[in-house]
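*Asks:*
Residue numbers (the working numbering), protein chains in the order written: chain H, 47 to 369; chain U, 79 to 386; chain C, 2 to 284.
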């Protein structure tokens with residue numbers, strides 16, 4: 047499941063001195079944050095103590111990635127994308143503005159330039175030990191453990207300096223973003239439809255798929271229930287057990303990406319909004335602008351058509367978290 | 079030529095003259111025909127096609143080929159984002175072009191006289207233009223990167239303290255960043271063209287004026303400038319047209335962001351065509367651009383004599 | 002003042018001016034080439050060195066493996082394809098374009114209107130016409146063929162060549178041609194024997210960038226080629242992944258891609274030597 051996981055340095059978190067200092071300052075135990083408030087506290091604490099060698103956290107704040115994080119966090123805080131009756135965008139509700147503001151404020155305790163980080167910059171920072179927490183999709187976990195990075199095909203992945211020191215948890219809020227996912231399909235013009243279909247079946251069969259997801263260079267994350275308890279996988283690295291159980295949990299609580307008619311246009315508006323946020327514009331103004339753009343797109347698609355599509359998506363159990 | 083020769087040739091000149099006029103006419107059309115033919119072969123169909131499409135309601139998802147009249151064109155006038163894109167494009171062109179021209183001219187002047195090793199210098203200085211614009215943009219994005227790029231390192235060293243400039247996000251630095259990359263890549267273009275033009279300046283005239291005691295500036299304005307004027311103006315025209323179509327560098331650096339702050343007309347057209355799939359509207363935008371540019375170029379040409 | 006003293010002073014002035022020029026030349030080269038140097042270095046770095054803070058100015062060891070992989074995987078064929086396409090279209094465009102430019106410059110064929118129509122071809126945003134051209138090519142059977150792209154690049158560079166050469170030809174004094182005509186040369190001979198040599202410098206400068214424009218084209222090569230004729234820019238963009246850029250390959254391939262033009266420019270520079278055409282008019 048291509049789902050967000052919180053990766054954190056369990057050696058830093060487990061350090062007794064850090065634990066006592068943190069408890070003294072904030073009043074609760076230092077552990078993987080369950081809410082965004084806790085995340086901010088821990089982030090600030092670690093950055094104040096360790097910078098500039100290490101910072102509390104880092105994210106891929108680049109707009110295309112950050113908008114996924116926004117979608118997840120917004121819903122975890124109770125936000126809804128649209129009003130189901132009128133199809134008006136409700137992304138500029140107080141929750142939306144709050145999330146935008148908090149995201150911007152968090153950048154302050156992250157390494158400078160974090161707003162430009164993409165997938166690899168964030169990975170490089172975490173693997174080199176520059177950030178103590180990050181959120182990303184499953185491959186980070188495997189690469190942080192040093193699994194498979196000797197493969198030629200993965201030569202572009204920076205070498206991990208933190209193998210064995212990584213803990214896994216659900217992101218704050220407890221309902222991680224479940225990325226759109228990968229499909230295998232047969233082309234309608236295929237000359238060997240049946241063979242193609244049987245091949246796909248074979249690829250996803252229990253044994254073969256278990257092997258597949260352990261190939262270092264396929265970027266395939268475990269997706270069958272049996273994957274999470276497969277003894278071979280569990281033996282790959284010492285913490286694989288925690289890794290797999292976290293992924294399993296995440297798969298069960300994950301949130302689906304928004305999927306309605308012409309979703310990419312809505313996401314484009316979100317992307318622009320986030321890049322404006324990093325450029326220093328006011329969160330409320332940005333949220334209102336996104337909402338206005340969303341309403342425009344809905345009008346062009348057709349309110350009734352979009353309403354039906356949205357209700358179809360929203361009725362799925364993974365669309366909004368049961369808070 | 080002796081007097082007898084010129085007498086004979088003047089008499090037969092009348093007949094020859096009329097014959098040669100006809101031959102001239104044939105010649106001048108003959109030598110331009112192949113080029114025009116190639117241009118028409120490749121260029122005519124797309125133009126007609128785009129024109130037709132711009133009057134329809136085509137998108138990549140809905141095949142509505144019915145005649146939609148001027149809706150697409152009317153939409154142009156209400157599209158604020160389009161006019162913002164045009165403004166952004168105008169700013170970039172208006173700043174980059176003079177700088178490239180000036181810098182290119184200075185560089186050309188520097189290298190026009192012989193010096194040992196000039197060949198290597200010139201070949202090296204042309205390299206920025208050879209690098210694929212996409213790669214150049216991505217390379218500069220890496221150079222500007224706060225953590226992995228040397229520019230921040232150099233600036234911090236000069237300032238004496240850590241400097242954090244987000245060249246691709248900070249509204250004050252987005253345009254300078256783009257302009258630096260663009261000017262870096264295309265000044266060598268002006269440089270080489272002007273070098274060739276300067277090489278052709280009549281040496282004997284220059285020497286004569288030197289003997290007469292003319293100052294450097296006099297020489298430049300009276301002899302050099304008029305000589306390189308045709309090439310210089312055309313180089314500026316070409317460069318200006320390419321600046322209007324700028325895409326790769328900006329896409330690699332900012333994708334038109336933050337927000338739509340650095341969105342030029344090419345990027346906006348791309349977004350409309352390949353992100354929003356508005357095929358017909360894209361065609362209408364293209365025609366608007368062609369009309370505007372043709373008007374500007376025609377106006378500019380009338381004011382500057384290209385061929386004196 | 003004595004003659005040796007004057008000569009001495011002039012010698013010193015010329016040489017201090019030369020020294021200054023060298024200094025300026027070196028400064029310029031350093032500034033302009035720094036990004037190229039960086040790209041060059043990336044092609045020799047490991048991923049940890051590419052994404053390293055603080056930045057690595059010189060890699061610990063030169064990773065020639067980055068280049069070896071390109072040869073082994075056969076990616077370099079793209080450079081060959083681009084060479085052929087850009088080279089042939091440049092020669093074609095230069096020839097057709099220069100004679101057309103002569104027509105415009107000396108005879109004012111078609112007046113300013115034709116000239117403006119020609120340059121208007123360069124105003125069209127490529128994105129807008131790539132699809133109709135694709136349709137045209139499918140109909141002609143020219144997709145994924147050498148001839149298709151050669152003609153396309155020729156067509157797209159003709160306006161540039163015509164306009165540039167019109168300017169360079171305008172620089173050439175007409176007396177040379179006129180005296181040749183009077184001497185009995187045909188128009189073709191005049192064009193070939195008198196005009197072409199006179200505009201060698203301009204021809205060279207125009208050739209460089211005609212080649213570069215064809216070389217760097219991305220969008221048409223992307224749409225109009227499949228597997229037979231993959232060009233250099235399209236190959237390079239394969240290394241820009243959705244989640245990460247394979248910088249080692251991008252850099253190595255880019256370095257290889259700059260070599261042909263670099264060699265060509267170095268070799269053909271004698272055309273830029275000052276004073277090549279002068280004196281002919283007066284003498």
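From the three backbone atoms N, C-alpha and C, an ideal C-beta is built for every residue, glycine too.
All values reported here derive from a predicted model rather than from experimental measurement.
For the beta strand (DSSP E) that contains residue 214 of chain H, what are its first and last residues?
*Replies:* 212-215
*Asks:* Among H/319, H/360, H/292 and H/53, which one has its Cα closest to the Cα of residue 168 of chain H?
*Replies:* H/53
*Asks:* Could you give the distance in angstroms between the alpha-carbon of residue 142 of chain H and the alpha-carbon of residue 87 of chain H?
*Replies:* Their Cα atoms are separated by approximately 21 Å.
*Asks:* What's the gap between the Cα of residue 320 of chain H and the Cα of residue 25 of chain C?
*Replies:* 44 Å
*Asks:* Could you confirm whether any beta carbon from chain C is found closer than 9 Å to the beta carbon of residue 206 of chain U?
*Replies:* yes
*Asks:* Contact criterion: CB-CB distance below 9 Å. Does residue 290 of chain U meet it with respect to chain H?
*Replies:* no
*Asks:* Residue 324 of chain H to residue 173 of chain C, Cα distance in whole Å?
*Replies:* Take the alpha-carbon of residue 324 of chain H and the one of residue 173 of chain C: they are about 56 Å apart.
*Asks:* Using Cβ-Cβ distances below 7 Å, what residues of the stretch 182-203 of chain H are close to chain C?
*Replies:* 201, 202 and 203
*Asks:* At least one CB of chain C closer than 9 Å to the CB of residue 50 of chain H: is that the case?
*Replies:* no
*Asks:* For the alpha helix (DSSP H) that contains residue 170 of chain C, what are its first and last residues?
*Replies:* 147-172
*Asks:* Does the distance from the CB of residue 371 of chain H to the CB of residue 273 of chain H come in under 9 Å?
*Replies:* Summary: the structure shown does not reach residue 371 of chain H, with chain H confined to residues 47 through 369, and so no result is reported for it.
*Asks:* If we cut at 9 Å on Cβ distances, does residue 248 of chain C have a partner in chain H?
*Replies:* At least one chain H Cβ lies under 9 Å of residue 248 of chain C.
*Asks:* Beta carbons nearer than 9 Å to chain H: which residues of the stretch 246-267 of chain U have them?
*Replies:* Here the close residues are 246, 247, 248, 249 and 252.
*Asks:* Per the DSSP calculation, residue 358 of chain U is bridged to which residue(s)?
*Replies:* The partner list for residue 358 of chain U (beta bridge, DSSP) is empty, contrary to what the question assumes.
*Asks:* With a 10 Å radius around its C-beta and 16 neighbouring C-beta atoms as the bar for buried, classify residue 217 of chain U as buried or exposed.
*Replies:* Label assigned to residue 217 of chain U: buried.
*Asks:* With 9 Å set as the bound, which would you pick, yes or no: does the beta-carbon of residue 198 of chain C sit closer than that to a beta-carbon of chain U?
*Replies:* Contact of residue 198 of chain C with chain U is not assigned, every C-beta pair being separated by 9 Å or more.
*Asks:* Between which two residues does the beta strand (DSSP E) harbouring residue 52 of chain H extend?
*Replies:* 51-55
*Asks:* In the DSSP assignment, the beta strand (DSSP E) including residue 268 of chain U goes from what residue to what residue?
*Replies:* Note, residue 268 of chain U: premise wrong, no beta strand (DSSP E); alpha helix (DSSP H) at 249-277.
*Asks:* At which residue ranges does the stretch 172-199 of chain H contain complete beta strand (DSSP E) runs of 3 or more residues, listed in the order of the chain?
*Replies:* 179-182
*Asks:* List the residues of chain H whose Cβ lies closer than 8 Å to the Cβ of residue 56 of chain C, in chain order.
*Replies:* Under the 8 Å cutoff, chain H gives no residues; its nearest Cβ is about 12 Å from residue 56 of chain C.
*Asks:* Go ahead and pull the three-state DSSP assignment for residue 224 of chain H.
*Replies:* strand
*Asks:* Let me see if you follow: with CB-CB separation under 9 Å, is residue 322 of chain H close to chain U or not?
*Replies:* yes
*Asks:* How far does the alpha helix (DSSP H) with residue 321 of chain H in it extend, from its first residue to its last?
*Replies:* 309-324
*Asks:* Taking only heavy atoms of the ligand ZN into account, decide whether any of them is closer than 8 Å to the Cβ of residue 127 of chain U.
*Replies:* Within the structure as shown, the ligand ZN is missing, as the structure has no ligands at all.
*Asks:* Report the rounded CA-to-CA distance for residue 248 of chain C versus residue 62 of chain C, giving the unit in angstroms.
*Replies:* 17 Å
*Asks:* List the residues of chain C that residue 170 of chain H touches, going by C-beta distances under 7 Å, in chain order.
*Replies:* Near residue 170 of chain H (Cβ distances below 7 Å), the residues of chain C are 52.
*Asks:* Rounded to the nearest angstrom, what separates residue 77 of chain H and residue 59 of chain H at their Cα positions?
*Replies:* 6 Å
*Asks:* Just checking: is the beta-carbon of residue 161 of chain H within a distance shorter than 9 Å of some beta-carbon in chain U?
*Replies:* Cβ-Cβ to chain U under 9 Å: yes for residue 161 of chain H.
*Asks:* Short of 6 Å in beta carbon distance, which residues of its chain neighbour residue 280 of chain C, apart from the five on each side in sequence? Order them along the chain.
*Replies:* Model confidence at residue 280 of chain C stands at a pLDDT of 31, short of 50, so the residue's coordinates are unreliable; what they give is reported in the following sentence. Nothing listed; no residue qualifies.
*Asks:* Relative to the C-alpha of residue 266 of chain H, which candidate in H/225, H/174, H/63 and H/338 has its C-alpha closest?
*Replies:* Closest option to residue 266 of chain H, Cα to Cα, is H/225.
*Asks:* Which value, in whole angstroms, describes the spacing of the CA atoms of residue 175 of chain H and residue 212 of chain U?
*Replies:* 32 Å
*Asks:* Using the Cα positions of residue 370 of chain H and residue 296 of chain H, report the straight-line distance between them to the nearest angstrom.
*Replies:* No statement about residue 370 of chain H is possible, as the shown extent of chain H runs from 47 to 369 and does not include it.
*Asks:* Just to confirm, are residue 49 of chain C and residue 80 of chain H a CB contact at a threshold of 9 Å?
*Replies:* no
*Asks:* For residue 128 of chain U, which residues in chain C fall below 7 Å Cβ to Cβ?
*Replies:* 129, 130 and 133
*Asks:* At which residue ranges does the stretch 180-243 of chain U contain complete beta strand (DSSP E) runs of 3 or more residues, listed in the order of the chain?
*Replies:* none
*Asks:* Measuring straight from C-alpha to C-alpha, what distance separates residue 313 of chain U and residue 268 of chain U?
*Replies:* The straight-line gap from Cα to Cα measures roughly 7 Å.
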